[in-house]
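Residue numbers (the numbering used here): 11 to 82.
If you want it as structure tokens, here you go:
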């Protein structure tokens, strides 16, 4: 049985606490042309399954299909 977006919504609801005492995005953004490293697919491509992807896309416009910048 595949997970549904609602299943991921319940899991994500449990992750409400900050992971650090400071905003790590503000610390690393100046070293990456103003963009936090965790907010770009240039350094790491996040992997999610289709139903989790649908949930994430419904919450923000930051999620989109990955398009490689080079060819193999």
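Even glycine gets a Cβ: it sits at the ideal position worked out from N, Cα and C.
Only a predicted model underlies this, so the values are computations on that prediction, with no experimental measurement involved.
Legend entry - Sequence-distant residues of the same chain with beta carbon closer than 7 angstroms to residue 39, five excluded per side: The residue labelled residue 39 in the question sits at position 29 within the chain shown. So the qualifying residues of the chain are 45 and 46.
Legend entry - Assigned secondary structure, residue 56 (DSSP; H/G/I helix, E/B strand, else coil): Taking the first residue of the chain shown as 1, we reach residue 56 at position 46. Residue state for residue 56 is assigned as coil, using DSSP reduced to three classes.
Legend entry - Rounded separation between residue 80 and residue 71 - CA only: Counting from 1 along the chain shown, the entry for residue 80 is found at position 70. Counting from 1 along the chain shown, the entry for residue 71 is found at position 61. Rounded to the nearest whole angstrom, the CA to CA distance from residue 80 to residue 71 is 24 angstroms.
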